[in-house]
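Data first, discussion second: the structure below is written as structure tokens.
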Amino acid sequence: MSAGRRLATALAAAAVIVSPTLVVAGPAGAVPSTPSVEGRTPDSGVSTRDVQPLAPPAPLVRSTPDSARAVAAKAARRPLFAFWGRKYNRLDGFGFTTAVRGSGTGIQLQAAWKTYRGVKPILPKKVFVQARVDGGKWTRVSGARGKIGRTLVTARIPAHVVPAGVVAQNVDYRLKTKKITKGPRKARRSVASDRVTVRFENQAMYTGEQARFYAPIANLCPNASVTIDTTGITEDHTGVFDWQYGITIDAATLATLTREPEVSKLGISIHECAHAKQFYNWGGTNQDWSTLVARSAEVFVADNNPDPNVATVPMAPEWSPLEHAADCAKELISPERYRTYGGYCNAAEYAAAGLLWQNQRY
Ligand SMILES: [Zn+2]
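Per my numbering, the very first residue in the sequence shown carries number 508; after that it's consecutive.
See below:
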């Protein structure tokens, strides 16, 4: 009897796992920066900034009952199926609930669910996705459906395209259940999750530095966003690909590097675009990333040019298979090597890197 009333929380121990292999290799402060290599690495390592692991939610504890009847009445009104709050939502598998994306990008939305009704919950037949643009009216997103898993409802949301002439749109997404038709009458309800918010930027409207750094990747990463900022860009790097904010370029620092040729500066965008391809070609979510990391290590290796007459650029301390892949991909488009993590791109690596540009996995 009491067991039936006991709460069964669906979210037992959900925590976002951030792949530890993505942390920039080596202690940041330990590497002495010598003038000869300063500013020469293309970017910061793919960033885990703002990706906070989620603590599992505390189990719902019923407050001390005034009377058995009051408790029963309250319990009867509880929904059969409900969502945890916003901080347990996930965007592309990460713990953040806001993001910047380029027009033409889709996202994955996840919301943690719970039930108040025993161990075998009554589930809604369907979970829809709703969106609202710039705070407008919630409308159903066609072609998107939530799939109820053990702890999370997951929905893959089709690409959002910002209309021509509009600079950017803020789109909120949430999950909404079809009304349950079974169980106690008062508890039959349609419930909505809390939202996640994505700022979609219209690349065609980019001006100034954004247009400058988007231009070299317009055909390679047409759906990418380019943010001009210094946030998340560490040490002497000038660019980053970040899961929350996409490609970010430190244009202010680049402006001070007057001796660096423009082709090298623009190469940073191409290198970051290659990271974006790594992310999206492997599924575009945190869950898919570990496969890419393992695969990169198999293909991209620390080797030297076998030709004794050609010196190999020494490998930077931050060299990694993921970075080498982005370097080789960039060299296929723009072969100068002013900025590089060093090493040598062999034929197999170039072939694999080339697959990135064809939206394929290596
Ligand atoms: Zn990189």
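Note that the Cβ used here is the ideal one computed from N, Cα and C, for glycine as well.
Assign V641 to buried or exposed, taking buried as 16 or more other Cβ atoms, counted over all protein chains shown, within 10 Å of its Cβ. Per the sequence shown, residue 641 should be read as Asp rather than Val. It is exposed - the Cβ of D641 has fewer than 16 other Cβ atoms within 10 Å.
Quick one: using the 10 Å Cβ neighbour count with 16 as the cut-off for buried, is T714 buried or exposed? exposed
Which of helix, strand or coil DSSP assigns to D814: coil
Taking the alpha-carbon positions, what's the Y869 to V808 distance? 14 Å
Within the 7 Å Cβ cut-off, does L764 reach chain D? Included in the structure is just one protein chain, with no chain D present.
Check the C-beta distance from A589 over to K621 and give it rounded, since I have them as a contact under 8 Å. 6 Å
Out of N793, P768, S803 and E769, which one is the CA nearest neighbour of A781? S803
With respect to 6 Å, is the separation between the Cβ of A804 and the closest non-hydrogen atom of ligand 1 below this value? no
Would I840 and I740 qualify as a contact pair, given that the criterion is a beta-carbon distance under 7 Å? no
Just verifying my parser: in three-state terms, what is the DSSP assignment at L839? If DSSP states are grouped into helix, strand and coil, L839 belongs with the helices.
Suppose you measure from the CA of L727 to the CA of R706; what does that come to, to the nearest Å? 21 Å
Assuming T688 contacts R695 (C-beta within less than 8 Å), just tell me the rounded distance between them. 6 Å
For my contact list, R844 and E838 are in at a C-beta cut-off of 8 Å; report their separation, rounded to the angstrom. 7 Å
What is the DSSP secondary structure of I524, counted as helix, strand or coil? Only weak support is given to the placement of I524: the predicted model assigns it a pLDDT of 28, under 50, and the value that follows is read from those uncertain coordinates. Coil at I524, not helix or strand.
With hydrogens ignored, establish whether the beta-carbon of E856 is closer than 6 Å to any heavy atom of ligand 1. no
Inter-residue Cα distance where the pair is L630 and R624: 10 Å
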